[in-house]
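The block underneath contains the structure these notes are about, expressed in C-alpha cells.
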Amino acid sequence: MNDFSSVAVSPVGVVRRDPRKEWMARNRLHPRHHEVISEGVGGEMGANGLMRRNPRQIGFIGPNGIKRIDRLKGNAVQTPNKRQSVVPEVVLPWHVVATADFYIFVVPDMVGGRLSGHDKDILGLAHRLQKEIAGQGAVVAVCFGEVKETQFELAGVDRLVHFAGAEFEGFAAEAKAAALAAMDERWAPKHWLFPDSIHGGTDLGSRLAAELGERPATQAWQVDLEKTVARGAGGSLDISRATPRILFLLEECAYPIDETRHQVLSLEMPEVQRPAPRLLDQGLVAVDPNEIPLAEAEFILSAGNGIHNWAQFHQTAKALGATEGASRVAVDDGFMPRSRQVGASGTWVTARVYIAVGISGAIQHLQGIAQCDKIIAINTDAGCDMVKRANLAVIDDSDAILSALMMLANEKLVEPGAVQGNTNKEDSDAA
Amino acid sequence: MAIDWLPSVLIVTLLILAVIGGVRRANLWRAGQPEKVDIVAGLLALPKRYLQDLHHVVARDKYMSQSHVATAGGFVLSMILVLLVHVFGVSNRLLAGALLVALGLMFVGALFIAKRRLQPPSRLSKGPWMRLPKSLLTFAVTFFVLTLPMAGVLPEGTGNWLLTMILSAGIIISLSELLFGMTWGGPMKHAFAGALHLAFHRRPERFGGGRSTGLKPAALGGEVHGVAKPSDFKWNQLLGFDACVQCGKCEAMCPAFAAGQPLNPKKLIQDMVVGLAGGTDANYAGSPYPAGKGEARALGSAKGGADNVITAGLVDADTLWSCTTCRACVEECPMMIEHVDAIVDMRRFVTMEKGQTPNKGAQVLENIIATDNPNGYAPGSRTHWAADQNLPLMKDKQQVDVLFWVSDGAFDMRSQRILRAFVTLMKAAKVDVAILGDEERDCGDVARRLGDDASFQSLAKRNLATLSQYKFNKIVTTDPHAYHCLRNEYSDLDVNGVLSQGASGQAVEVLHHTTFLNHLVEQGLLNFERFSDTRMTYHDPCYLGRYNGEYEAPRELLRSLGINITEMARSGYRSRCCGGGGGAPITDIPGERRIADMRMADVTETGAELVAVGCQQCTAMLEGVVEPRPVVKDIAEILVGQLIEEVH
Amino acid sequence: MPLNIVSLVSVGRHPQSGRSRRAEQDGRAVEMGLKLAGQQLSVVHVGNPDEPVLRQYAGMGLSSLTVLKQADRFDAVPVLQRYLEQKNIDIVLTGVRSESGESSGMVPYLLAHALGWPVVARVADIVCVEKGEAQVLLALPRGQRRAVRVALPFIASLDLAAPPARQSAFGVGLRAKIETIESIGEVDQIRVDWQEAEAKPRAKRLKTVKAKTAAERFKAATAKPQGDAGKVLINETTQQKAQAIFDLLLEEKVIR
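Chains as they are written, first to last, in the UniProt record's numbering: chain A, 1 to 431; chain B, 1 to 648; chain C, 1 to 256.
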C-alpha cells in the first residue's frame with residue numbers, strides 16, 4: 001500500500017521505505033496511527049510526477065472504530081480531559097557553527113547578570129549581519145564578572161567569552177576595555193556591537209573605539225552590511241553612513257533570536273595585559289529615594305489634599321521605598337517642599353508606577369503624570385478625575401489603606417528568605 | 001512782644017536753613033540718571049496736578065482729604081501771610097485778619113489730624129509722624145497769638161518776657177518742623193518733594209485723566225542692566241521716593257503684604273529713601289516687611305547708600321519678587337509714586353546682571369528664549385488646540401478685520417476652553433477673523449515682569465515683524481497680559497509704526513475680548529438667553545482694570561444676560577489681585593497665606609456661586625483654590641452657554 | 001594651589017524648537033567647573049566665535065571664553081588636543097553627548113586617549129579634589145550613584161544628574177570677552193560621505209505572534225485587547241484593596 005508517506009523517493013531515485021511508519025499504519029492502537037494515516041491526505045505523487053489525490057482515502061478510523069476526518073490538521077482545540085494535556089515542549093533546532101570563518105562580537109550590558117531585552121536585540125542583529133557576510137560566522141558574547149544568565153543558547157550566542165574575576169566586578173570599565181582590546185587583537189572580529197545604553201555599553205564601547213582608533217556609529221538603529229542609519233544631533237537627525245566596524249545600537253534595532261538554539265561554546269581568551277587601574281571603584285552609594293530627583297524616580301508615592309496624617313505618609317513612602325511627590329495644594333499648604341510638586345507647574349514625572357493618595361486630579365496634575373506607565377489612585381471620591389485616569393483605583397480612606405500597605409511592606413521585609421526563595425524558584429523555572 | 005525783631009529773625013534763619021536743605025536734597029536726587037523733563041511746563045502744571053489729579057486720589061478718603069485741605073491750605077496761606085506780616089512787616093489789619101482766619105482754618109484741620117492720631121490705623125507710620133499734628137497746632141497757636149496785636153485785637157507790645165520766651169520756643173518748634181524739617185528729612189518733606197514730584201513726574205500722561213501703565217524699556221548693552229544702586233534710578237524716580245507721606249494706603253491694598261509675603265510697598269519706598277540719602281532704616285516707624293517664612297529683619301539692619309547695591313544689604317531680593325505687579329499700590333498712592341516701575345527696575349538687575357531669578361524663573365526664561373513660550377512647548381504645536389476650530393491663518397488670508405491674538409493659553413488645556421468659547425462667539429457673530437497660528441510668539445509679559453527685558457524686547461520686535469506682514473484693523477485677545485503688552489508696551493519698540501497704521505489707515509485697535517464682545521452685543525450681532533438666577537460676582541483682572549481702565553465692558557456683558565452682579569467689597573480699581581501676575585506664581589515667594597485663597601474668600605463673602613473672570617491667569621489661580629468653592633468661569637464661557645445660535 | 005580646569009562647551013539644540021541653546025550637559029560642565037575652580041575656570045569652544053549661544057554660557061559668570069576658531073566640517077579633537085597639551089590642566093569637563101552634529105559622545109574618549117589620561121563618564125558630581133586625587137560620583141540609572149576615585153589629570157563627562165547650570169545673566173554674557181584662537185583644522189574625512197536627514201520617527205515594535213497556522217493567526221487577531229479601563233475597587237475590605245495595590249507593585253517590580 002502506497003497510501004502514506006512511508007515510502008519516499010530519495011534524490012538519487014532510490015525508493016526508501018520507512019518500516020517504522022508502516023508498522024504504525026498497521027497498528028490502529030498506536031498513538032500516532034492517525035497522524036501517519038492522514039499524512040497522505042494532501043495527495044501523493046503519481047507515476048508521471050503529478051500530484052494525485054485519493055478521494056477514498058480521507059480521514060482515519062478513530063480509536064472507537066468510527067471514521068474521523070480531521071480538517072484542522074491536528075490544530076483542533078485540545079479537550080482538557082484528554083490524557084496528553086501537557087503541551088510538548090518546543091525543542092528548537094540547533095544552529096551549529098562548527099568552525100567559524102569570522103566572528104561578530106557582542107558586548108551585552110548584562111544588567112543584573114542577565115541579558116536585557118536590548119542585549120537580545122543586538123544578538124539578533126549580530127546574526128542578521130552574520131548571514132549577510134559570505135562564509136559562516138559565529139556570534140560571540142563577551143561577558144564580565146558575575147553572570148546569572150542561563151539562556152544564552154536561546155538568545156543566539158554561538159560562542160561565549162566570560163571574563164570572571166574580581167578585577168571585572170563592579171565598576172571596571174578600564175579593565176574591561178583592555179580585555180576587549182586583547183580580544184580584538186586575537187580574534188579580529190568583523191564587527192563589535194555594543195548596546196548604546198546608560199548601563200555601561202556606551203562607555204565601554206567608546207573606550208574600545210578610542211583604543212582601536214575606530215570611528216563607531218553611535219545610536220544606530222537601522223543596520224545592514226553596507227549602510228547604517230544612526231541618530232545624530234540629539235536624536236533629531238538620521239545620519240546614513242557606511243557601516244563601520246564598531247556599532248553602538250539602540251533598542252529594537254533588530255528582532256531577537258527565537259527560532260534556533262545556539263551552542264554557547266567558549267572561545268580562547270588571550271592573556272590580557274592589565275595596566276594599573278586609574279579609576280578606583282569605591283562601591284555603590286546608598287541613595288535615599290527622596291534624594292532622587294522626581295523626574296528620574298521610577299516609583300512615586302504622591303500626596304494631595306486628602307492626606308491628614310503626614311507622618312504616616314512619610315513612613316509609608318519609606319516602607320515602600322518610594323520617592324515622595326505632592327500635589328500643588330499639599331505644597332501650598334506647606335506640608336511638602338516645592339521641589340516635590342508634580343504637575344504642569346511642578347515637575348513632569350516619568351515614573352513607572354505612580355500612586356496618587358488623596359489627589360483629585362486637577363488638569364495640571366494629570367498633565368504632569370501623563371508619561372507614567374501605571375497609575376494607582378487612592379481616594380474617597382469615586383467620581384474624581386484621578387480615579388478615571390488610574391489603572392487601579394481604590395475608594396477608601398487614605399489612612400486605612402496606607403497603614404495596610406505599610407504592614408504589607410513591613411511583612412515582606414521581615415521574611416526576606418521567602419522572597420529570596422521565590423525569585424530563586426523563578427530562576428529555576430526559567431532554566 | 002518784648003523783642004519785636006526776634007520772630008522775624010527766627011523765621012528768616014529757619015527759612016535760610018530750609019533753602020540750604022532744599023539744595024542739598026536736590027543734589028541727592030541729582031545723583032540719579034538723567035531723564036528729560038520739561039521743567040517749566042511741569043512747574044506750570046503743578047497747581048492743576050495738585051488740585052485736580054492728586055486731590056482726586058486723596059478725596060477717596062473724605063475725612064482725610066478735608067482735614068488735609070484745611071491744614072495744608074491754611075498752612076500755605078498762613079506762611080505767605082506770615083512772611084508778609086512778620087518778616088516784611090507789612091502792617092495791614094486786613095492782612096493780619098486774613099492771617100488769623102488762615103491760622104484758624106489750619107488749627108481746625110490740624111485738630112482733626114491730631115484726632116486721627118489718637119488711635120492711628122496700623123498702616124500709618126508712627127515716630128515723627130505722631131509729632132506732626134502737635135507741630136501744626138503749635139504753629140497755628142503761636143502765630144495766632146503773635147498776630148493778635150497786629151490785627152488790633154490786642155494792643156501792641158502786649159506780653160512779657162515769659163510770653164516772649166514761650167512764643168519764641170513755639171516759633172522754633174513749629175518752624176523747625178514745618179520749614180527746616182521740610183527739606184532736612186522730616187515728615188513735612190512730603191510737601192516739598194511731593195510738589196516737585198508732581199511737577200517732574202516720570203509719567204506726565206497720568207495727569208488730566210490719562211493712563212500710563214506700560215513699563216519703560218530697559219537700555220541694553222551698557223555697563224549695568226536695570227537698577228543696581230539707588231543712583232541707577234532716574235533722578236525723578238528718586239524724587240518720587242522722597243515724596244512718600246507714609247500714609248500706608250499701598251500697604252493696606254498690597255496683596256503680597258496681606259498674604260504675609262516679605263513685601264510692604266511703603267517700607268520699600270522708605271528703603272529707597274534710605275538708599276538715596278544713605279544710612280539705615282532704624283528711624284522707620286511703620287509696619288515692617290512681613291516675615292514670610294523666613295526670619296524678620298530687625299530695624300536698623302538694612303543699610304544703604306546712593307552707590308551701594310540695593311539687594312546687598314538694603315532690600316532682600318525676595319521682597320522684589322513678592323510683587324504681583326497688580327498696581328494696587330500705584331492706584332492708591334496719593335503722591336503718585338510708581339512702585340511697580342521701581343520694583344521691575346530692580347528685578348532687571350537681579351535677572352540680567354546677577355542671574356538670580358528665583359525658583360522656576362530661570363527655567364521659564366530659558367524656555368522663553370529657546371521656544372518663545374514659558375513652558376518650553378514645541379512652537380509647532382501652538383495651533384493644535386484649534387485643529388477642530390476651522391480658524392483661518394493670517395498667512396493664508398493676508399488681510400482681515402480682526403486678528404485674534406491667541407496668547408500662550410493655546411498650550412494650556414484649561415485656557416483652551418476659554419479660547420474655544422470665544423471662537424464660537426466670534427463665529428456666531430460672523431466676525432472676519434484670523435489667527436497668526438505658529439507664527440505667534442509669547443507676548444513677552446512674563447519675561448519683562450521677571451526682569452528679562454532683553455527677551456521681552458526680542459519677542460516684541462519679532463512679533464511686530466510678523467504683524468507687519470499682514471493687514472488688519474483690530475487685535476483681540478482673551479489674555480489681559482498680552483492685551484496690555486500689545487496696547488501699551490509694544491509702542492516703545494514699534495519703530496516702523498506697525499500698530500499705528502492698520503488696514504484702514506487708522507491705528508490698530510487693540511481690544512480685550514470682553515470689550516470686543518460688548519461691541520458685538522451692542523450691535524445686536526449676538527443674542528443670548530437670560531442667565532438663570534445664579535448669584536454671581538465679577539473679578540476684575542488687574543491688567544484689564546487698573547492697567548487699562550476696562551471695568552465696564554465685562555459688567556455690561558453680564559448685565560446683558562440679565563445677571564445682577566453682586567460686587568465684592570474690593571472691586572473695580574480696588575480689585576484684589578489673584579496672585580498670578582508679575583511672574584509671582586513662577587518666583588513663588590512663600591508667605592503665610594496664598595493670595596488666590598484670599599481672593600476666593602472675597603468671592604465667597606458675597607455668597608456668589610459663580611465668579612466671572614476675564615483672564616486665563618486669574619481663572620487658573622482661582623481654580624487652584626481647594627474645593628468646595630464657587631465655580632470660576634471666563635465671561636466668554638458664560639456667554640457661550642447662553643448663546644442663541646441662528647438656525648439656517 | 002587652585003585647580004586648572006577647562007570646560008568644553010558646544011552649541012546645544014532645544015528638543016522642541018530645534019533652536020540653538022546652551023547645551024544641558026555642557027552647561028553642567030561649566031557649572032561644575034565654576035564650583036571647583038571659580039573664576040579660574042577656562043571655558044573652551046571649537047567653532048564659530050560669533051555664535052550667539054556662547055553668550056549664554058558666558059552669562060553664567062565668565063569674564064572670558066576661548067574659541068578655537070574653525071569651520072563646522074572640521075574635526076574638533078586634534079585642535080583641542082593641541083590646545084590642551086599646551087596647558088598644565090588638572091581636569092577637563094565635557095558633556096556626555098553633544099546636542100548637535102554627530103552626537104557620538106566620543107570627544108572625551110578620543111581626547112583622553114590622545115592625552116593618555118583616564119576618562120570618567122556620566123559624572124553626577126565631583127565631590128572633592130585632594131592630594132591630586134578626585135572623589136567622583138557616577139550617575140547610574142534611576143538615581144543610583146557609584147563613588148570612584150581618580151588621579152589628576154583626567155577628563156570627566158557630566159551626566160544630566162549633575163547639578164544644573166545656573167541661570168545665564170544677559171548683561172554678564174554680553175560683556176564677556178571672547179578670545180579667538182585661529183587654528184589649523186583638519187577636514188573630517190569620514191564625515192564627508194555621510195547623508196543627513198531629519199530623524200524619522202521609529203515605529204514601535206508590535207507584538208508579533210509567531211503563528212504557523214491559520215487558526216493560530218485567527219486566534220491572535222481576534223484576541224480581546226487587554227487593559228482598556230482601569231479597575232476600581234470600592235466594596236472590598238481595606239485589606240483586599242491594599243493587597244491589590246501591593247500585588248501591582250510587585251508585578252511592576254518596584255518593590256524588591
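All C-beta atoms, glycine included, are put in the ideal place defined by N, C-alpha and C. Since the model is a prediction, treat every value here as computed from it, not as a measurement.
Residues of its chain near residue i, where Cβ-Cβ distance is below 7 Å and the 5 sequence neighbours each way are ignored
i, result
"Ser135 of chain B", "Ile173, Ser174, Glu177, Leu178"
"Asp602 of chain B", "Met568, Ala569, Arg570, Arg576"
"Ala169 of chain C", "Gly59"
"Thr142 of chain B", "Leu167, Gly170, Ile171, Ser174"
Sequence-distant residues of its chain with Cβ nearer than 6 Å to residue i (five each side left out)
i, result
"Thr79 of chain A", "Below a pLDDT of 50, predicted positions are generally treated as unreliable, and Thr79 of chain A, at 49, falls in that range; the measurement from the model is reported next regardless. Cβ neighbours of Thr79 of chain A beyond the five flanking positions: none."
"Leu467 of chain B", "Val498"
"Cys615 of chain B", "Pro480, Pro541"
"Leu124 of chain B", "Gly248"
"Leu115 of chain A", "Pro108, Glu149, Ala155"
"Phe144 of chain B", "Leu103"
Simplified DSSP state of residue i, which is helix, strand or coil
i, result
"Val414 of chain A", "helix"
"Ser345 of chain A", "coil"
"Asp90 of chain C", "coil"
"Cys128 of chain C", "strand"
"Asn463 of chain B", "helix"
"Lys35 of chain C", "helix"
"Ile66 of chain A", "coil"
"Ser176 of chain B", "helix"
"His14 of chain C", "coil"
"Leu268 of chain B", "helix"
"Asn27 of chain B", "helix"
Exposed unless 16 or more other CB atoms sit within 10 angstroms - verdict on residue i
i, result
"Ala370 of chain B", "buried"
"Ala482 of chain B", "buried"
"Asp453 of chain B", "buried"
"residue 649 of chain B", "This structure cannot settle anything about residue 649 of chain B, because the visible part of chain B is limited to 1 through 648."
"Lys115 of chain B", "exposed"
"Met165 of chain B", "exposed"
"Ile66 of chain A", "exposed"
"Glu174 of chain A", "buried"
The ligand COA heavy atom lying under 8 Å from the CB of residue i
i, result
"Leu41 of chain C", "With respect to small molecules bound, the structure shown includes none, and the ligand COA cannot be examined in it."
Spatial neighbours of residue i in its chain, beta-carbon cut-off 8 Å, leaving aside the 5 residues before and after
i, result
"Ala317 of chain A", "Pro289, Asn290, Leu301, Thr323, Glu324"
"Val394 of chain A", "Ile376, Ala377, Ile378, Asn379, Ile401"
"Gly572 of chain B", "Asp540, Gly545, Tyr551"
"Thr351 of chain B", "Gly226, Thr357, Gly361, Leu365, Leu450, Gly451, Asp452"
Neighbour list for residue i in chain F, Cβ cutoff strictly below 8 Å
i, result
"Glu211 of chain A", "Going by chain labels, chain F is absent from the structure shown, which instead holds the protein chains A, B and C."
**Study point:** Runs of alpha helix (DSSP H) lying entirely within the stretch 104-185 of chain A, each at least 4 residues, in chain order
**Key:** 117-132, 152-155
Exercise for review: Could you name each continuous beta strand (DSSP E) segment of 3 residues or more that falls completely within the stretch 398-435 of chain B, going from the start of the chain to the end?
Suggested key: 402-405, 433-435
Exercise for review: Can you check the stretch 149-213 of chain C for any alpha helix (DSSP H) of at least 4 residues that lies completely inside it and give the ranges in chain order?
Suggested key: 170-175
Exercise for review: Starting from the N-terminal side, write out each stretch of the alpha helix (DSSP H) that is 4 residues or longer and does not extend beyond the stretch 302-358 of chain A.
Suggested key: 310-320, 328-332
Review point. Which ranges does the beta strand (DSSP E) cover as unbroken runs of at least 3 residues, wholly within the stretch 480-542 of chain B, from first to last along the chain?
Key: 509-512, 536-538
Exercise for review: With a floor of 4 residues, list each alpha helix (DSSP H) that falls wholly inside the stretch 200-270 of chain A, ordered by position along the chain.
Suggested key: 201-212
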